[in-house]
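Q:
Numbering (the working numbering), first residue to last: 19 to 396.
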């Protein structure tokens, strides 16, 4: 099957970049204090929803066009495969028909050498006194006599002429068959080239159409971007004006007393705080001195705990050393006992082996002892 590689459009990459850009804009809106404080722009959200709906419809139309073009391409390729297979089958059928009609074994030039009926078709051993097959031993024909030389030469020439004509006819048939095969192959190549050209033209038209759609879509996106930037500038200008008015008329610049306190407690508003009072500074210094004394007491207690832990660790190490020495002493005593036991057992083994060799087994076995085995069926 013919494989046609269709280049992927850049529309997917453009969609990915567009989504990334929308995500960055959304981050800016979320992390912007002005947008978070003043609220959400409903008109902008409605405009985004409308743009998203239009993009979704456009993607659906584009996918439908892709599916339609894909089906058309598959139909063309399937038709080309069917025609190719049919042409191959027709060519093979004609070759088999020609072989069955003109290339049978009986029509071969050397069929007489492998003919199974050659013995039945052959002449008898002798057909007359002038039979040229008679040899010297039959006393039918003597040396120097050749009465059939003219007839035999004529027959040989006739046979040679027939062979030459047959070879010429076979050569012409072979050339005609090769020319026919070549002509059919050229016709087939021409048809394939025409179909490939048609397929390339269809692909080119589809690509041009896709480029046109992409250009229209890009122009549409550019217009949307331009309109969105204009709206953003207008919205930012309004927000800046509102921020200036809020700053001018706010309580921070007017320096309202106790404006930093939250409900009269110790918490303060960091966005309105300008500095601490002398009383607050003295309180902070007092708390810091108390914290330093507390940290010093904690460090002294920690050093005392570390000293106690070091003493306990040293006592534990001394106990472990004593236990290890006791273990080594017992291991040495056990090794001495095992060595003495092995010496005693070795002496007993030598005595027992000496008793077996010199007292118990004193008579060696003779041949009669071995000949008593395998003498019966039992």
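Backbone N, C-alpha and C fix where the C-beta goes; we use that ideal spot for every residue, glycine too. On a predicted model such as this, the values are computed, not experimentally measured, just so you know.
Closest to residue 238 by C-alpha separation, out of 70, 44 and 38, would be which residue?
A: Nearest C-alpha to residue 238: 70.
Q: Provide the residue span of the alpha helix (DSSP H) that contains residue 139, from first to last.
A: Run containing residue 139: 136–139, per the alpha helix (DSSP H) assignment.
Q: Taking the Cβ atom as the reference point for each residue, do residue 213 and residue 98 lie within a distance shorter than 8 angstroms?
A: Going by C-beta atoms, residue 213 is nearer than 8 angstroms to residue 98.
Q: Is DSSP giving residue 275 helix, strand or coil here?
A: Low per-residue confidence applies at residue 275: pLDDT is 48, beneath 50, and the placement is therefore not dependable, though the value from the model is reported in the following sentence. Coil at residue 275, not helix or strand.
Q: Determine contact between the stretch 214–223 and the stretch 90–106, defined as no fewer than three beta-carbon pairs at a distance below 8 angstroms.
A: Touching, yes.
Q: Would you say residue 40 and residue 232 are within 8 angstroms of each other, going by their C-beta atoms?
A: No; because the gap between Cβ atoms is not below 8 angstroms, this pair is not in contact.
Q: Could you work out which residue in 316, 254, 383 and 349 is closest to residue 398 when comparing CA atoms only?
A: The structure shown does not extend to residue 398, since the chain is modelled only from 19 through 396, so no value can be given for it.
Q: What whole-angstrom Cβ distance do residue 202 and residue 109 have, given they're in contact under 8 angstroms?
A: Indeed they touch by this definition, with Cβ atoms about 6 angstroms apart.
Q: Just curious, the alpha helix (DSSP H) that residue 303 is in, first and last residue?
A: Where residue 303 is concerned, the enclosing alpha helix (DSSP H) stretches over 296–373.
Q: Is DSSP giving residue 84 helix, strand or coil here?
A: Residue 84: helix per DSSP, three-state reduction.
Q: May I ask you to report which of helix, strand or coil DSSP gives residue 123?
A: Reduced to three states, the DSSP call for residue 123 is helix.
Q: Please state whether DSSP places residue 106 in a helix, a strand or coil.
A: In the structure shown, residue 106 sits in a helix (DSSP, three-state: H, G or I).
Q: Determine the direct distance from the alpha carbon of residue 351 to that of residue 369, and round the result to whole angstroms.
A: Cα to Cα, the separation comes out at about 28 angstroms.
Q: The alpha helix (DSSP H) spanning residue 130 covers which residue range?
A: Its alpha helix (DSSP H) spans residues 129–132.
Q: Which of the three DSSP states, helix, strand or coil, is assigned to residue 250?
A: If DSSP states are grouped into helix, strand and coil, residue 250 belongs with the helices.
Q: What number of angstroms, rounded off, separates the C-alpha of residue 116 from the C-alpha of residue 125?
A: Spanning the two alpha carbons is a distance of roughly 13 angstroms.
Q: At which residues does the alpha helix (DSSP H) containing residue 44 begin and terminate?
A: Per DSSP, residue 44 belongs to the alpha helix (DSSP H) from 29–49.
Q: Using only the alpha-carbon positions, how far apart do residue 359 and residue 328 sit?
A: Rounded to whole angstroms, residue 359 to residue 328 spans 47 angstroms at the Cα level.
Q: Can you tell me whether residue 379 is helix, strand or coil according to DSSP?
A: Residue 379 falls in the coil class under three-state DSSP.
Q: Going by beta-carbon coordinates alone, are residue 76 and residue 235 separated by less than 8 angstroms?
A: Yes.
Q: CA-CA distance, residue 87 and residue 209?
A: About 22 angstroms.
Q: Using 8 angstroms as the threshold, is the C-beta distance between residue 32 and residue 249 below it?
A: No, the Cβ-Cβ distance between residue 32 and residue 249 is not below 8 angstroms.
Q: Going straight from the alpha carbon of residue 378 to that of residue 347, what length do you get?
A: Those two C-alpha atoms are separated by around 45 angstroms.
Q: With a Cβ-Cβ cutoff of 8 angstroms, do residue 191 and residue 120 count as a contact?
A: A contact, by the Cβ cut-off of 8 angstroms.
Q: Spatial neighbours of residue 188 within its chain, please: C-beta separation below 8 angstroms, excluding the five flanking residues on both sides.
A: Cβ within range, chain order: n/a, list empty.
Q: Please return the same chain residues whose Cβ sits closer than 8 angstroms to the Cβ of residue 102, not counting the five positions on each side in sequence.
A: Correct list, in chain order: 206 and 210.
Q: What is the rounded straight-line gap between the Cα of residue 130 and the Cα of residue 136?
A: Residue 130 and residue 136: Cα-Cα distance of roughly 7 angstroms.
Q: Got a sec? Which residues, its chain only, sit under 6 angstroms from residue 382 by beta carbon, not counting five neighbours each side?
A: Closer than 6 angstroms at the Cβ level, and outside the excluded window around residue 382, lies no residue.
Q: How close, in whole Å, do the beta carbons of residue 127 and residue 172 come, if the pair is a contact with beta carbons under 8 angstroms?
A: Rounded, the Cβ-Cβ distance is 21 angstroms, inconsistent with contact.
Q: Given this structure, state the Cα-to-Cα distance separating residue 196 from residue 122, to the nearest angstrom.
A: C-alpha separation (whole angstroms): 19 angstroms.
Q: For residue 391, which of helix, strand or coil comes out of DSSP?
A: Here residue 391 sits in coil by DSSP.
Q: Count the other CB atoms within 10 Å of the CB of residue 19; is the residue buried (16 or more) or exposed (fewer)?
A: Unreliable positioning characterises residue 19 in this predicted model, as indicated by a pLDDT of 40, which lies under 50. A coordinate reading is not provided.
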